[in-house]
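For the numbering used here, add 8 to where a residue sits in the sequence shown, where the first one is 1.
Only one structure is covered here, and it is reproduced in the block below.
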Amino acid sequence: MGNKRQVVYLHGLSSSGQSTTAQRLRRTLAKQEVISPDIPVQPEVAISELKKLAASLRPDAIIVGTSMGGMFAQLFRGFNRILINPSFHPSEHLRDHIGSRLPFHNPRLDGAKDFEVSEKLVKKYEKLETRQFDPKFGISSGRPDSPNLVTAFFGTQDTVVNCKQEFLDHYSQAEDFDDGHRLDPNTTITLIVPKILELIEEN
């Protein structure tokens with residue numbers, strides 16, 4: 009791998025590691041090692057799998073997450089993190105769909121096409137959400153964490169989630185951009201990729 013930097017991309021709800029954003033990051037960051045796993049639907053399984061991933065990462069890895077992936081990215085203590093339109097309360101969206109099956113928008117490695125939304129699943133997410141900003145909870149790198157390691161970008165036209173104030177209750181590095189909730193290709197290229205490259209240069 010040489011001097012390749014590890015960049016982990018965590019997708020949003022109902023997506024996968026094969027999302028268009030993940031593919032675009034692989035193309036535009038061809039000189040780096042872009043890792044984009046499928047996040048398990050069950051949050052406790054997701055945390056377990058992401059802990060295994062964190063244990064395999066080098067200290068200078070950069071964690072990037074959109075929407076629900078932003079919530080999981082925030083949990084990677086001790087790593088540089090970039091959150092884009094983070095959704096800190098996916099349970100609120102899921103609660104509106106209890107009793108139904110939601111489709112995955114991108115292919116999953118296990119071949120799953122959709123997943124069931126149950127009351128139990130919603131409650132699991134609610135439990136996670138209450139602990140997500142607890143410094144003693146999360147996906148530890150074994151290194152000290154700092155608010156300065158976390159940057160978030162918020163779309164001014166995002167009508168899906170609005171977690172900016174909650175983010176600012178815990179962190180200070182927030183920037184607005186002129187876009188909606190879903191990450192536009194141009195925004196990825198002109199905003200997110202330069203931020204990743206900036207962190208690579210700094211470290």
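Backbone N, C-alpha and C fix where the C-beta goes; we use that ideal spot for every residue, glycine too.
Counting along the chain, the unbroken alpha helix (DSSP H) around R35 starts and ends at T28 to T36. By a beta-carbon distance limit of 8 Å, S154 does not contact F87. Their separation comes to about 11 Å.
The Cβ neighbour count for A120, taken over all protein chains shown within 10 Å, is under 16; the residue is labelled exposed.
If you check the CB distance, V201 and T36 come in under 8 Å. Counting along the chain, Q173 sits inside the alpha helix (DSSP H) bounded by residues K172 to L176. Taking the CA atoms as reference points, V125 sits about 5 Å from I106. Taking every protein chain shown into account, the CB of N93 has 16 or more other CB atoms within 10 angstroms, so this residue is buried. Contact between the stretch 59 to 77 and the stretch 14 to 23 is established, with three or more Cβ pairs separated by less than 8 Å.
Per DSSP, the beta bridge partners of Y17 are V72.
Secondary structure at R103: helix, using DSSP grouped into helix, strand and coil. Cβ neighbours of Y133 within its own chain (closer than 7 Å, five residues either side excluded): P51, P98, S99 and L102. Note that the C-beta distance between Q82 and Q140 is below 8 Å.
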